[in-house]
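First up is the structure itself, then whatever we jot down about it.
Number of protein chains: 2
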Amino acid sequence: MELRKIFNRISVLRQERGISRKQLAQKIGVNFQTVGYLEREEYNPSLDLAFRISEYFNLPINLIFSTKPLKPLSEELLKLKQGD
Amino acid sequence: MELRKIFNRISVLRQERGISRKQLAQKIGVNFQTVGYLEREEYNPSLDLAFRISEYFNLPINLIFSTKPLKPLSEELLKLKQGD
DNA sequence: ACCATCTGTTGTATATTTACAACAAAAAGC
DNA sequence: GCTTTTTGTTGTAAATATACAACAGATGGT
Chain A
0 MELRKIFNRI SVLRQERGIS RKQLAQKIGV NFQTVGYLER EEYNPSLDLA
50 FRISEYFNLP INLIFSTKPL KPLSEELLKL KQGD
Chain B
0 MELRKIFNRI SVLRQERGIS RKQLAQKIGV NFQTVGYLER EEYNPSLDLA
50 FRISEYFNLP INLIFSTKPL KPLSEELLKL KQGD
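Protein sequence lines, in the order shown, are assigned to chains A and B. Residue 29 in numbering that gives the first Met the number 0 sits at position 30 of the first sequence; the count goes up by one each step and never skips. Residue 7 in numbering that gives the first Met the number 0 sits at position 8 of the second sequence; the count goes up by one each step and never skips.
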């Protein structure tokens with residue numbers, strides 16, 4: 000089907016929380032190397048795993064994952080503050 | 000990893016649009032039988048496919064997919080109209 | 001400098017998703 | 001009622017996601 004690569008903010012969000020891959024992995028119920036694969040965007044998470052990540056960070060899927068490259072959160076914030 | 004089953008509203012949304020599985024399949028770039036599998040919730044779509052479906056229906060992922068059984072859209076509407 | 005933890009990388013095995021073919025049952029058009 | 005389209009089902013094969021092990025390099029604390 001020619002899967003598109005999905006971009007994500009997992010590593011930024013994880014670092015904001017100050018937790019290691021191993022800790023995040025345990026929280027979302029996967030192997031810690033799997034978190035590495037996801038952060039490096041070497042493959043896409045399953046929909047269920049995307050939901051778990053979304054639940055853990057308490058953010059909607061669309062804020063964490065995107066079909067288009069994600070800009071730094073700081074830029075997004077700036078745009079909002081400036082009213083786009 | 001013990002994947003959870005993800006519930007979805009694909010068949011309702013498709014029927015609202017009055018299109019067949021074959022037509023939807025073509026729009027989102029999969030085999031028409033794959034749409035059948037998804038509607039029957041026999042397996043979860045990949046994250047990319049979930050995004051394509053979300054893009055096609057022009058609705059956020061969370062409105063189409065959920066880890067918990069989805070109530071009929073009519074009920075959701077009622078709740079909103081009644082102010083929860 | 002040493003030790004522990006974290007991260008990146010590679011390789012193999014298993015599970016899940018998708019495609020595709022075939023056919024039966026149901027629904028829709030005429 | 002007949003024909004076409006749609007849907008459900010089963011089976012097999014391919015692609016993708018996940019687990020797990022091993023190891024090297026980086027980072028951090030003491």
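Ideal placement from N, C-alpha and C gives every residue a C-beta, glycine not left out.
Proximal residues to residue i (C-beta, below 8 Å), its chain only, five neighbours per side dropped
| i | result |
| --- | --- |
| B/Tyr36 | Tyr42 |
| B/Ser65 | Ile5, Phe6 and Asn7 |
| B/Arg3 | Thr66 |
| B/Leu69 | Phe6, Asn7 and Arg8 |
| B/Glu40 | Lys4, Ile5, Phe6 and Asn7 |
Contact set for residue i: own chain, Cβ-Cβ below 6 Å, skip 5 residues either direction
| i | result |
| --- | --- |
| A/Lys26 | Tyr55 |
| A/Leu12 | Phe56 |
| A/Glu38 | Ile9 and Ser10 |
| A/Arg51 | Ile27 |
Opposing strand residues paired with residue i [DSSP bridges]
| i | result |
| --- | --- |
| A/Phe6 | A/Ser65 |
| B/Ser73 | In DSSP, B/Ser73 forms no bridge with anything. |
| A/Ser45 | B/Ser45 |
Per-residue burial, residue i [other beta carbons within 10 Å of its own, 16 or more giving buried]
| i | result |
| --- | --- |
| B/Leu104 | In the structure as shown, chain B starts at 0 and stops at 83, and residue 104 of chain B therefore has no counterpart that could be examined. |
| A/Pro44 | buried |
| B/Phe31 | exposed |
| B/Leu46 | buried |
| A/Arg20 | buried |
Cβ neighbours of residue i in the same chain (closer than 7 Å, five flanking residues each side left out)
| i | result |
| --- | --- |
| B/Ala49 | Ile60 and Phe64 |
| A/Ser53 | Pro59, Ile60 and Ile63 |
CA nearest to the CA of residue i, picked from the options
| i | options | result |
| --- | --- | --- |
| A/Glu15 | A/Ser73, A/Gln81, A/Val29 and A/Leu79 | A/Ser73 |
| A/Met0 | B/Thr33, B/Gln81 and B/Leu76 | B/Thr33 |
Sequence ranges, alpha helix (DSSP H) only - wholly within the stretch 17-44 of chain A, length at least 4:
20-27 and 31-38
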